[in-house]
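If you count the sequence shown from 1, position 14 lands on -4 in my numbering, and the numbers rise without skipping.
Built from N, CA and C at the ideal position, the CB exists for glycine as well.
Read the structure below first, then the notes.
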Amino acid sequence: MSAYIFILVLLALMWFLIIRPQRRRQQAAQQLLTKIDVGKEIVTAGGLYGTVTAVEGDEVRLEIAEGVEVRIAKRAVAGVISDDEEAKEAPDQETPATLPPDSA
């Protein structure tokens, strides 16, 4: 009887450590794909940053420079860049390191 309980505990542990996190990752990836829309700025798995110009089925057209469009697979999108992240990357305040030496 204790062998059955041990096997059940191992199966439950495997479910919590392997299957459950995998399902969460799949749901997060699916949710990311639904966020892709025209005008959004995205980053691909290859590191290309650009703005979505069209979404056609499993393909996304991405403008990576003015007048330069590439066609990528939707599954190659690694993330959608939000406005909050852009604000964190480029603060408008001047820090002592960016001020001229005589103004400090």
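Classify residue 1: buried if its beta carbon has 16 or more other beta carbons within 10 angstroms, exposed otherwise. exposed
Starting from residue 10, trace the alpha helix (DSSP H) in both directions and tell me its first and last residue. 2 to 17
Mind checking residue 32: buried by the 16 CB within 10 Å criterion, or exposed? buried
Enclosing alpha helix (DSSP H) for residue -1 [first to last residue]: Residue -1 -> no alpha helix (DSSP H), and no H or E assigned at all.
Quick one: is residue 29 near chain D, going by C-beta distance under 9 Å? Considering every chain present, this structure includes no chain D. It has just one protein chain.
Closest by C-alpha distance to residue 36, when choosing among 26, 61 and 56: 56
In the DSSP output, which residue or residues are listed as bridge partners for residue 32? 24
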